[in-house]
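Right, one structure below, let's go through it.
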Amino acid sequence: MTLNSPLLIAFILVSHAALAQVKVPERLIFPSPYEMEEYKEYPEDEYVPAARESMATSPAYRISGPSFTSVQVNVNQAGENIVGDAANEPSIAVSPADPSRMAIGWRQFDQVSSNFRQAGFAYSGNGGASWVFPGVIEPGVFRSDPVLDTDSEGTFYYNSLSTNGGDYFCDVYKSAGVGAWDAGTAAFGGDKQWMAVDRTGGATDGNIYAYWNQFFSICPEGMFTRSTDGGLSYDPCVTVPQQPVWGTLAVGPDGEVYACGTASGTGRLVVAKSANAGNPGEPPVWDFVTEVNLDGQQVAFSDPNPAGLLGQVWIGVDHSEGAARGNLYLLCSVSRFSTQDVLDVMFARSTDGGLTWSDPVRINDDNDPGAYQWFGTMAVAPNGRIDAVWLDTRDDPGGRNSSLYHSFSDDGGLSWNPNERLSESFDPHAGWPNQQKMGDYFDMQSDENGAHLAWAATFNGEQDVYYGFIPFDGITRAEGPEIEEKPLFSLAQNYPNPFGRSTSITYALRKKGRVLLEVYNQLGQPVAVLENGERPAGEYTLAWDGRDDQGALLPNGAYFYRLAAGEGSAVTRRMVVLR
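Numbering (numbering that gives the first Met the number 0), first residue to last: 0 to 578.
As structure tokens, this is what we get:
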């Protein structure tokens, strides 16, 4: 699908028309077709082989301290920094069967003068104390957007984007020993993909899920795939309602799958849920899509990362055995609506499987509205602890040089510990590989002992990839920001579903407010308005006969009904007409 595609243009126009009836900040309409085009990954420079063994070297940068240790990953056989190359956009995987085994993948630029990139990787067998960098998976092949994960047994998977003649596609490589990868398996895919592997231990354990930007994909109308046979094959593409981009995936305790991101054409942050995505006997169905208010929007193409994102949308799930099991958490670096802060790390939580979300809370505790808290990254440990890291310009009066910061919550996101600075400042503009950005994300995996981080910095005067470990000492420090639970409304599944002549839709408001209840077809076009106006608090049930606004019976098929209430809150559910 291209930017001139009638479907894409229609989707954006319809989204704008639908939002006109709900109060939405004007600058929320994002990403635009122009920004989609500017952001896509494609080769601009030719591949020029480089002999790493003959390149100059310098001492590798390390950080050692009680709160943080960090080791450079893209090093030669002697553990030295390679002068003149560049590495960014790292992703990490840690074996749950043997946490001493780790792998990190990144965008490898053999020469800083060229933005031709390849699938770089390194591995560690001693818990990250040292790293082996064998090179790239396929020398001379353009690759970008690395995403790594593991299954329960410690098999590593590396999802990598490539292009060919305008097509965007992904291959997933598999490694049992980390040091070598197989030939890769075609996994459909597209630009800015993400991947998650099921490690629940249940019937869906080992399933692999991936999603991507639908508008730059080898799939004409799809953005999600799965493998239910351990990565041997991948199912045909299906779409995710509202086509979220630039986000992540997570698997819940019961094998349910969550996708998050910025909705195409509206700019709202959304979370979609599929309860049956792990079932190989039926195609994935998305049960609902919820809009989540983080009091801001995702940002790209801005200092200190002028040609890239300033952070992905992250979703995490609590897998602990306590009361918080199944909780969902959403985090993103966003440009604020209420305070006009250029960028804050914002967080919200859901205790009902994603149907409703708490008010947003700011995790960074500085008071400078001009400071950038960018590349916000989140991971949830098996015991439920939530770790958050980000790059922060608060210590630089010039507003560019950045330091790594960390905070954590050990009460399910209800409160956060004071921010802790983990690194000295560095200039993110140094060592650009002819591309004016430091990638688009970091990646982190947390366990009971701490957080394992893959990140990039320019301590050597060039872009390099680092492994960092943030130990958890079990000490809860002074109270940080707290979240107040205020779900504004709920929307029940229609009954009966599927339906022929009539179905009932029930929703409840916690307080008086304006509501808009609409029905959409699978192209995102509104076909019926069921409610539009101010309503007092209470529960409401509507009967709908399956007719559009002109009184015509809608054809059989799947539809979505969406309830928007207040400002920045909405939830979408799926229903089926079957006469």
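Where is the CB? At the ideal position from N, CA and C, for every residue including glycine.
Bounding residues of the beta strand (DSSP E) (the contiguous stretch that carries residue i)
i, result
"H581", "Limits of the chain in this structure are 0 at one end and 578 at the other, which puts residue 581 out of reach."
"N304", "304 to 308"
"E45", "Where E45 is concerned, there is no enclosing beta strand (DSSP E), given that its DSSP letter is neither H nor E."
"C236", "That residue, C236, is in no beta strand (DSSP E); it is neither H nor E in DSSP."
"D109", "Careful: D109 lies outside any beta strand (DSSP E) and carries neither H nor E."
"V316", "313 to 316"
"S99", "From DSSP, S99 is part of no beta strand (DSSP E); its letter is neither H nor E."
"Y560", "556 to 564"
"C279", "Residue identity check: residue 279 is Pro in the sequence provided, not Cys. From DSSP, P279 is part of no beta strand (DSSP E); its letter is neither H nor E."
"F346", "343 to 349"
"V333", "327 to 335"
"W356", "It is not in any beta strand (DSSP E) - W356 carries neither H nor E in the DSSP assignment."
"F468", "463 to 470"
"Y257", "256 to 262"
"M591", "There is simply no residue 591 to check, as the chain begins at 0 and stops at 578 in what is shown."
"N531", "525 to 534"
"Q297", "295 to 297"
"Q444", "442 to 446"
"R116", "Segment: none, R116 is in no beta strand (DSSP E) and carries neither H nor E."
"Q339", "Premise fails: Q339 is in no beta strand (DSSP E) and is neither H nor E."
Proximity below 9 Å, CB of residue i to CB of residue j
i, j, result
"S503", "G545", "no"
"G449", "L421", "no"
"W180", "Q192", "no"
"L452", "I207", "no"
"G251", "Y257", "yes"
"R116", "R100", "no"
"G153", "P95", "yes"
"V344", "N363", "yes"
"N493", "Y539", "no"
"Q311", "G412", "no"
"T457", "M437", "yes"
"Y60", "Q76", "no"
"L508", "L541", "no"
"P145", "W105", "yes"
"T224", "T203", "no"
Own chain partners of residue i with C-beta closer than 7 Å, once the 5 adjacent residues on each side are dropped
i, result
"V379", "G315, V316, D317, Y328, I385, S445"
"Q110", "V47, A49, G83, D84"
"D547", "V526, A527, L553"
"T338", "P368"
"D612", "What is shown of the chain runs 0 to 578, which leaves residue 612 out entirely."
Chain B contact for residue i (CB, 9 Å cutoff)
i, result
"F425", "Protein chain content of the structure displayed is limited to a single chain, and chain B is not contained in it."
Close beta carbons around residue i, own chain, < 6 Å, minus the five adjacent residues each side
i, result
"T350", "N326"
"M377", "W313, G315, L330, A387"
"F425", "A456, T457, F458"
"G307", "K436, D439"
"S4", "Note that S4 has pLDDT 43, beneath the 50 cutoff, so the model's placement of it is unreliable and the number below is only indicative. Within the same chain, S4 has no close Cβ partners at all."
"S262", "Note that residue 262 corresponds to Ala in the displayed sequence, not to Ser. Same-chain partners within the cutoff: Q241, P243, V269."
"M194", "V146, D148, N158, A209"
- State whether the region 265 to 274 contacts the region 238 to 248, with contact taken as three or more CB pairs (one from each stretch) at a distance under 8 Å. yes
- Is the region 388 to 397 close to the region 359 to 375, with three or more CB pairs under 8 Å? yes
- Item | Sufficient close CB pairs (3 or more, under 8 Å) joining the region 188 to 204 to the region 150 to 167 | yes
- Please confirm if the region 351 to 368 is in contact with the region 282 to 297, defined as three or more CB-CB distances below 8 Å between the two stretches. yes
- 3 or more residues per run - each beta strand (DSSP E) lying fully within the region 157 to 226: 166 to 174, 193 to 196, 207 to 210, 223 to 226
- Item | the region 71 to 91 / the region 455 to 465 touching (three or more Cβ pairs under 8 Å) | yes
- Assess, as a yes-or-no matter, whether the region 323 to 343 is touched by the region 417 to 432 under the definition of 3 or more beta carbon pairs within less than 8 Å. no
- Contact between the region 295 to 307 and the region 396 to 412: three or more CB pairs below 8 Å? yes
- Message: So, does the region 131 to 142 touch the region 164 to 183, judging by three or more C-beta pairs under 8 Å?
- Response: yes
- Query: Can you give, in chain order, each stretch of the alpha helix (DSSP H) that sits fully within the region 366 to 433 and has at least 4 residues?
  - Reply: none
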